[in-house]
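A quick write-up on the structure given underneath.
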Amino acid sequence: MTSIVPTEPAKVSGPKIRTSAVRTGRPARTAPAALAPRARLLPSLAAVYRAQLSRARVARIPLLFVATFQSVGIMVLMRGVVDGGAEARAVVAGSSVLVVAFVALNLLAQYFGQLRAGGGLDHYATLPVPPAAVVLGAAGAYASFTVPGTIVTAVAGSALFGLPMTHLWVLVAVIPLSGAALSGLGAALGLLAPRQELATLLGQLGMSAALLLGVLPAERLPGPVGWARDLLPSTYGVEALSRSFDAHPDWAVVVLDLAVCAAVGVLSLAVATWAYRRAAVR
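Following the numbering used here, the numbering of the sequence shown begins with 328 at its first residue and continues without gaps.
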């Protein structure tokens, strides 16, 4: 039998090897892959807000009940001491804003303190979102829970002390501006506190300050305590709401109080964002 053997080696098909790589013995260089663009502020803020809102939805009813019951109870107690006039307006306005302080200041300080102590900031640090989106999203979610309780407290206080409800629409501006100022302060306290227990303590002290300095009429406070009241972010929201109970409010002064509250809110949220960056890199 005759066997047929090819006289030339068969050509193997496959990828061609660059002669330069074979000559030098080094792998060929490839261009680095382009990184994905960093997420923008507004979409990131919306995503963090929705996530925080769904996370805290389970505890919404207890939070609203405790914050509202506390403020309404304070007004009932003060009803035996205050008859009406400017003092009654101060009590109702201070008790209404106290609902915001309970959630946005006290609970937010505890949340960020727990997040820092448990290593939760490491998770947010790996996400391609701006630090401001994390702070604003969490602050907005917690402040949103205060809307029903604040409205209920203001309406109940107006009925209890016989105050007019004509201008209660001012709450549309008072709630978000006071919430922003107090949320920024609460987040900064939680992020700057070296321990979780200290963050909880600072949040409770801040809420106590909002209670004493906001509910009590300013005319009855001593001089140094009155200066401390002027430094509290929620004071200007209380003043704006209190002036709206007048028969003919001075709207220029109300707008000025709300403008100061907005400026303090921007400043406190900026400090909270800086505190978040500082805590995230440690």
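Ideal Cβ placement from N, Cα and C applies to all residues, glycine included.
Please read these numbers as outputs of a predicted model, since none were measured by experiment.
Subject >> Enclosing alpha helix (DSSP H) for ARG570 [first to last residue] >> reply: In the DSSP assignment, ARG570 falls within the alpha helix (DSSP H) that extends over 562-570.
Original post:
Helix, strand or coil for THR600 per DSSP?
Top reply: Correct three-state label for THR600: helix.
Subject >> Distance, LEU540 Cα to GLY553 Cα >> reply: Each residue's Cα considered, the two are about 8 Å apart.
Original post:
Can you give the Cα-Cα distance for TRP601 and PRO491, rounded to whole angstroms?
Top reply: Per the coordinates, the alpha-carbon of TRP601 lies some 42 Å from the alpha-carbon of PRO491.
Subject >> Straight-line Cα distance separating PRO560 from ARG522 >> reply: Taking the straight line joining both Cα atoms gives about 24 Å.
Subject >> Top-ranked residue by Cα proximity to ALA394, from LEU487, VAL461, MET534 >> reply: Of the listed residues, the one whose Cα sits closest to ALA394 is MET534.
Original post:
Who are the Cβ neighbours of GLY517 in its own chain at under 6 Å, not counting the five residues just before and after it?
Top reply: Taken in chain order, the residues that qualify are ALA436, PHE439, GLY440, ALA526.
Subject >> Three or more C-beta pairs below 8 Å linking the stretch 494-508 and the stretch 444-456 >> reply: Result no; under three Cβ-Cβ pairs closer than 8 Å.
**OP:** Thinking ALA599 and ALA515 are a contact (beta carbons under 8 Å), I'd like their distance in whole angstroms, please.
**Re:** Yes, they are in contact, since the Cβ atoms of ALA599 and ALA515 sit about 4 Å apart, within 8 Å.
Original post:
Would you say the stretch 580-595 touches the stretch 562-571, given that touching needs at least three Cβ pairs under 8 Å?
Top reply: Below 8 Å, enough C-beta pairs join the stretch 580-595 and the stretch 562-571 to call them touching: three or more.
Original post:
For PHE439, does the three-state DSSP call read helix, strand or coil?
Top reply: In the three-state reduction of the DSSP assignment, PHE439 falls in the helix class.
Original post:
Helix, strand or coil: which one does DSSP assign to MET534?
Top reply: Here MET534 carries a helix assignment [DSSP, helix/strand/coil].
**OP:** With GLY445 as the anchor, note down where its alpha helix (DSSP H) starts and where it stops.
**Re:** It is not in any alpha helix (DSSP H) - GLY445 carries neither H nor E in the DSSP assignment.
**OP:** List the whole-angstrom C-beta distance separating GLY592 from ASN433, where the pair is believed to meet the contact cut-off of C-beta under 8 Å.
**Re:** Taking the Cβ atoms as the reference, GLY592 lies roughly 17 Å from ASN433, outside the contact range of under 8 Å.
Subject >> 8 Å Cβ shell around LEU380 - same chain, five flanking residues per side excluded >> reply: Closer than 8 Å at Cβ, skipping near neighbours: ALA468, SER471.
Subject >> C-alpha distance - ALA415 paired with GLY446, whole-angstrom precision >> reply: Going from the Cα of ALA415 to the Cα of GLY446 covers about 46 Å.
Original post:
Leaving out the 5 sequence neighbours to the left and right, which residues in its chain are closer than 8 Å to ALA545 when beta-carbon positions are compared?
Top reply: Counting only residues of its own chain and dropping the five nearest sequence neighbours on each side, ALA545 has a CB closer than 8 Å to the CB of ALA417, GLY553, ARG556.
Subject >> Distance between PRO503 and LEU372 (C-alpha atoms, nearest Å) >> reply: Separation of LEU372 and PRO503 (C-alpha to C-alpha, rounded to the nearest whole angstrom) is 16 Å.
Original post:
Can you name the start and end residues of the alpha helix (DSSP H) that GLU414 belongs to?
Top reply: Boundaries of the alpha helix (DSSP H) around GLU414: 412-427.
Subject >> ALA574 in three-state terms, based on DSSP >> reply: The three-state reading of DSSP puts ALA574 in coil, since its state is none of H, G, I, E or B.
Original post:
By Cβ distance below 8 Å, which residues in the same chain neighbour VAL427 in space, the five residues on each side in sequence not counted?
Top reply: Same-chain partners within the cutoff: ALA470, THR473, THR477, ILE502, SER505, GLY506, LEU509, SER561, GLY564.
Original post:
How many angstroms separate the CA atom of VAL542 from the CA atom of VAL424?
Top reply: Their backbone Cα atoms lie some 9 Å apart in a straight line.
Original post:
Would you report the Cα separation of PRO475 and ARG377, rounded to the nearest angstrom?
Top reply: One C-alpha to the other measures close to 18 Å.
**OP:** Have a look at PHE429, LEU463, ALA413 and flag the residue whose alpha-carbon is nearest the alpha-carbon of LEU369.
**Re:** Ranking PHE429, LEU463, ALA413 by Cα distance to LEU369 puts LEU463 first.
Original post:
Which residues mark the beginning and the end of the alpha helix (DSSP H) in which ALA465 is found?
Top reply: Looking at the DSSP string, the run of the alpha helix (DSSP H) that includes ALA465 is 458-471.
Original post:
Would you say ARG547 and PRO458 are within 8 Å of each other, going by their C-beta atoms?
Top reply: It is not a contact, given that the beta carbons lie outside the stated cut-off.
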